[in-house]
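Residue numbers for the sequence shown, in this note's numbering: 451 to 801. Think of the CB as a built atom: it goes at the ideal place given N, C-alpha and C, for glycine as much as any other residue. Heads up, the thing below is written out as structure tokens.
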Amino acid sequence: MQRKQNSITSSALSMLALLFLLVATAPGAAREDPSNGLTNIFAPESTPAKSILDLSLFVLVITGIIFSVVFTLLVYSIVKFRGRAVDAGREPAQVYGSTQIELAWTIIPILIVVVLFLATARTIHAVQDAPQPATALEVTAIGHQFWWEFRYPRLGIVTANELHIPVSDAAHPTPTFLQLFSADTDHSFWIPQLAGKTDLIPNHPNRMWMDPHRTGIFLGQCAQYCGTQHAKMLLRVSVDGPEDFNAWVRSQQQPAVEDEKVIAGRRVFETTACINCHRIGGTVANGQFGPDLTHLMSRETIASGAAENTAGNLRLWIKKPEALKPGSLMPAMQLSDADLDSLVGYMESLQ
Ligand code: HEC
Ligand SMILES: [Cu+2]
Numbered sequence: 451m452q453r454k455q456n457s458i459t460s461s462a463l464s465m466l467a468l469l470f471l472l473v474a475t476a477p478g479a480a481r482e483d484p485s486n487g488l489t490n491i492f493a494p495e496s497t498p499a500k501s502i503l504d505l506s507l508f509v510l511v512i513t514g515i516i517f518s519v520v521f522t523l524l525v526y527s528i529v530k531f532r533g534r535a536v537d538a539g540r541e542p543a544q545v546y547g548s549t550q551i552e553l554a555w556t557i558i559p560i561l562i563v564v565v566l567f568l569a570t571a572r573t574i575h576a577v578q579d580a581p582q583p584a585t586a587l588e589v590t591a592i593g594h595q596f597w598w599e600f601r602y603p604r605l606g607i608v609t610a611n612e613l614h615i616p617v618s619d620a621a622h623p624t625p626t627f628l629q630l631f632s633a634d635t636d637h638s639f640w641i642p643q644l645a646g647k648t649d650l651i652p653n654h655p656n657r658m659w660m661d662p663h664r665t666g667i668f669l670g671q672c673a674q675y676c677g678t679q680h681a682k683m684l685l686r687v688s689v690d691g692p693e694d695f696n697a698w699v700r701s702q703q704q705p706a707v708e709d710e711k712v713i714a715g716r717r718v719f720e721t722t723a724c725i726n727c728h729r730i731g732g733t734v735a736n737g738q739f740g741p742d743l744t745h746l747m748s749r750e751t752i753a754s755g756a757a758e759n760t761a762g763n764l765r766l767w768i769k770k771p772e773a774l775k776p777g778s779l780m781p782a783m784q785l786s787d788a789d790l791d792s793l794v795g796y797m798e799s800l801q
């Protein structure tokens, strides 16, 4: 009996230690460099992400206190009132009811729940009902199996997978407000350091916003299972300084570069099914099913972060999308090696 109680106590103690370790070590990861492929919910860089972290820490502290109080009382009772040899065969003292104690353990939990409810409601209101300032950038994000489409309606830009937004400081707030749509099934937009998760649901536009406080690359991931290649549906947000952002906008607004040297590749593109699925500004290619390729080479990755945007990967991708992303909705087109080479040359001219 004694041994059993000890083992219960020690396993409960080790759980407490584990919980403490988790909480204590997690912020240590905040120093990670975002470009190494990791992201971190404990290092918010934008107002909504910060409000969510603050609320979670507040809830964690309150529940942590409850846990410690209950746990201490539990250990105390187990030790103090354990069965002793001298008590064998005797019944313990019988205690019936205590109005004071009953009131205390009814009212205190109700108060705690009310406090948690109010704190949560306040954060939800601050995040969801934030007014959109006139200086805000508007972006429409559309989830596709298995890539992201980004449209900037006021700027006339369409791009894919890599979102560019301006940094926002207190003196010149330029938050980004996103409208979220889906072209097929449910997806979820989540950049942990910038904002909470928001789902993209067919026929049900959702909204979210973020105001990044520093420049850099922020990574995220589709957070709602949407099919075979859900895991290779990465999000890459480049938060640019005002000048970089304006330069990016100007270059994206240009039609595709026309280069005589790659005319052969362009002909292959325009005479195969590529144009049914892809748009290239200023050409006959006007497909909507796949990513806009007008400025393909301005992106660092292809296929939603599945591979780096290099000539070798582009060739492999066009030859056999399965090799980089099994289950992707781009078909292998069975092109000859010569056609492939000229096609890749054309793709590389799309600056
Ligand atoms: C049936 C429609 C379809 C056809 C035909 C098609 N593609 Fe695609 N393509 C897609 C889809 C869908 C994606 C996105 C795949 C993903 O990331 O899961 C894609 C992605 C790409 C990408 C990567 C773009 C990026 O930014 O990630 C390139 C490059 C590309 N296609 C080139 C081509 C070329 C060249 C052809 C013709 C030989 C072609 N595609 C034919 C549907 C198509
Ligand atoms: Cu998805």
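Cβ distance (whole Å) where residue i is taken to contact residue j below 8 Å
{"i": "Phe-600", "j": "Leu-587", "result": "11 Å between Cβ atoms; not a contact."}
{"i": "Gly-777", "j": "Gln-679", "result": "5 Å"}
{"i": "Asp-649", "j": "Asp-634", "result": "Going by Cβ atoms, the distance from Asp-649 to Asp-634 rounds to 13 Å, so no, they are not a contact pair."}
{"i": "Ala-681", "j": "Lys-647", "result": "That pair is no contact at about 16 Å."}
{"i": "Ala-782", "j": "Lys-770", "result": "5 Å"}
{"i": "Ser-844", "j": "Val-707", "result": "There is simply no residue 844 to check, as the chain begins at 451 and stops at 801 in what is shown."}
{"i": "Ile-641", "j": "Gly-670", "result": "4 Å"}
{"i": "Ile-592", "j": "Val-687", "result": "In fact, because the Cβ distance is near 16 Å, the residues do not count as touching under 8 Å."}
{"i": "Phe-719", "j": "Val-689", "result": "Their Cβ separation, rounded to whole angstroms, is 33 Å, which puts Phe-719 and Val-689 out of contact at 8 Å."}
{"i": "Val-509", "j": "Leu-566", "result": "6 Å"}
Under the three-state DSSP convention, the category residue i falls into
{"i": "Arg-481", "result": "For Arg-481, the predicted model reports a pLDDT of 42, less than 50, meaning its position is unreliable and no value from the coordinates is stated."}
{"i": "Leu-800", "result": "coil"}
{"i": "Ala-761", "result": "helix"}
{"i": "Gln-671", "result": "strand"}
{"i": "Gln-703", "result": "helix"}
{"i": "Leu-505", "result": "helix"}
{"i": "Gln-629", "result": "strand"}
{"i": "His-614", "result": "strand"}
{"i": "Ala-474", "result": "For Ala-474, the predicted structure reports a pLDDT of 48, less than 50, and the residue's modelled location is therefore unreliable. A value from the coordinates is still provided. Ala-474: helix per DSSP, three-state reduction."}
{"i": "Leu-785", "result": "coil"}
{"i": "Gly-795", "result": "helix"}
{"i": "Thr-733", "result": "coil"}
{"i": "Thr-752", "result": "Sequence check: residue 752 is Ile here, not Thr. Here Ile-752 sits in strand by DSSP."}
{"i": "Gly-666", "result": "strand"}
{"i": "Leu-779", "result": "coil"}
{"i": "Leu-743", "result": "coil"}
{"i": "Leu-488", "result": "coil"}
{"i": "Gln-544", "result": "coil"}
{"i": "Glu-495", "result": "coil"}
{"i": "Gly-539", "result": "coil"}
{"i": "Glu-708", "result": "coil"}
{"i": "Phe-531", "result": "coil"}
{"i": "Lys-454", "result": "Residue placement at Lys-454 cannot be trusted, given a pLDDT of 49 that sits under 50; what the coordinates show is reported in the next sentence. Lys-454: helix per DSSP, three-state reduction."}
{"i": "Pro-583", "result": "coil"}
{"i": "Arg-676", "result": "A small fix is needed here, since residue 676 is Cys in this sequence, not Arg. The answer is coil: DSSP assigns Cys-676 none of H, G, I, E or B."}
{"i": "His-575", "result": "helix"}
{"i": "Gln-738", "result": "coil"}
{"i": "Thr-722", "result": "coil"}
{"i": "Ala-697", "result": "helix"}
{"i": "Ala-809", "result": "In the structure displayed, the chain extends from 451 to 801; residue 809 sits before or after that span and is not available."}
{"i": "Ala-621", "result": "coil"}
Beta-ladder partner(s) of residue i, from DSSP
{"i": "His-654", "result": "Ile-651"}
{"i": "Phe-639", "result": "Thr-648"}
{"i": "Asp-690", "result": "Pro-616"}
{"i": "Phe-600", "result": "Ala-591 and Thr-609"}
{"i": "Trp-555", "result": "Looking at the DSSP assignment, Trp-555 forms no beta bridge with any residue, so it has no partner."}
{"i": "Met-660", "result": "Thr-626"}
{"i": "Leu-523", "result": "The partner list for Leu-523 (beta bridge, DSSP) is empty, contrary to what the question assumes."}
{"i": "Leu-684", "result": "Gln-671"}
CB contact check: residue i to chain C, cutoff 8 Å
{"i": "Thr-626", "result": "In the displayed structure, chain C is absent; only one protein chain is listed."}
### Query
Taking contact to mean at least 3 C-beta pairs separated by less than 8 Å, is the segment 693-704 in contact with the segment 603-619?
The segment 693-704 vs the segment 603-619: in contact.
### Query
Should the segment 758-776 be called in touch with the segment 615-635, which here means at least 3 C-beta pairs below 8 Å?
No: the two stretches stay apart, fewer than three of their Cβ pairs being nearer than 8 Å.
#### Entry: Cβ pair count under 8 Å reaching 3, the segment 508-520 against the segment 557-574
With a cut-off of 8 Å, the segment 557-574 and the segment 508-520 count as touching, because enough Cβ pairs lie within range.
#### Entry: the segment 681-693 touching the segment 751-768, judged by at least three CB pairs closer than 8 Å
At 8 Å Cβ cutoff, the stretches touch.
### Task
Please determine if the segment 721-739 and the segment 613-629 are in contact, where contact requires at least 3 C-beta pairs separated by less than 8 Å.
The segment 721-739 makes no contact with the segment 613-629; the number of CB pairs closer than 8 Å stays below 3.
### Query
Does the pairing of the segment 648-668 with the segment 487-504 give three or more beta-carbon distances under 8 Å?
Segments in contact, yes.
### Query
Should the segment 563-573 be called in touch with the segment 712-719, which here means at least 3 C-beta pairs below 8 Å?
Counting Cβ pairs under 8 Å, fewer than three are found: no touch.
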